[in-house]
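Enquirer: Protein chains in written order, with my numbering: chain G, 289 to 403; chain U, 105 to 218.
Ideal placement from N, C-alpha and C gives every residue a C-beta, glycine not left out.
Let me give you the structure first, and then I'll get to my questions.
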């Protein structure tokens, strides 16, 4: 079964702790993305990666960090510097081959609550 | 489109009615457009896409219309059902971002009443 998995589905952390959200895909996609979604709002891009060992800041990168050591994995760390980390986090991937089909495939999301 | 952190607009329809959800985009160079459906607590799911060399594309019960002159995109859902209740997002991209970076619209909440 091909797709994107995110774990865990729900995550609770104390204020001031760093936390890492997992994202794995077996679609053989080159590009991967992290979005943040607040209640009743749209998607905001945190970081994206076009290829292994490369990533770029999105619109709201402050307080977050990522790595892309393997093609299939793009973990997101929410650091203590992120002032309001409670949100729904979505990971996505796309083929990224420049062929014009830019559909992004989304994971099920991780809901992070900081207490 | 551009997500600006505002609360989402809403559309309420009766079961069986046709629904039209609208979206404006800002980049005149955009050449790929896509609609997603997001149910509560889940990730967005692909509905339909269209490239800039077309102005209409039909799927099962859904039609996307593209008006490049006014930078407007719409999603039409025929015979709307309660299961269509969700948040709908449009997104666009342009050839300069060949790896697939999308710019998302703010989304519309569709509520279908039985």
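Using a C-beta cutoff of 9 Å, does residue 305 of chain G count as contacting chain U?
Expert: no
Enquirer: Hey, how far is the Cα of residue 105 of chain U from the Cα of residue 296 of chain G?
Expert: Its pLDDT being 42, under 50, residue 105 of chain U is placed unreliably in this model, and the coordinates cannot settle the point.
Enquirer: Identify the contact partners of residue 146 of chain U in chain G, using a Cβ-Cβ distance below 9 Å as the criterion.
Expert: 394, 396 and 397
Enquirer: In chain order, what residues of the same chain lie with their CB nearer than 6 Å to the CB of residue 107 of chain U, ignoring the 5 residues before and after it?
Expert: Legend: pLDDT at residue 107 of chain U = 40, less than 50; position of this residue unreliable, value from coordinates given subsequently. Cβ-Cβ distances below 6 Å link residue 107 of chain U to 208 and 210 in the same chain, with the five nearest sequence neighbours on each side left out; the list follows chain order.
Enquirer: Within 10 angstroms of the Cβ of residue 177 of chain U, are there 16 or more other Cβ atoms? Answer buried if so, exposed if not.
Expert: Answer is buried; the Cβ neighbour count reaches 16.
Enquirer: Short of 7 Å in beta carbon distance, which residues of its chain neighbour residue 185 of chain U, apart from the five on each side in sequence? Order them along the chain.
Expert: 119 and 216
Enquirer: Would DSSP call residue 188 of chain U helix, strand or coil?
Expert: helix
Enquirer: What does the Cβ neighbour count give for residue 149 of chain U, buried or exposed, with the cut at 16 atoms within 10 Å?
Expert: exposed
Enquirer: When you check each C-beta in the region 360 to 372 of chain G against every C-beta of chain U, which residues fall closer than 9 Å?
Expert: none
Enquirer: Using the C-alpha atoms, what's the distance from residue 392 of chain G back to residue 109 of chain U?
Expert: With a pLDDT of 42 at residue 109 of chain U, under the threshold of 50, the predicted position of this residue should be treated as unreliable, and no value is reported.
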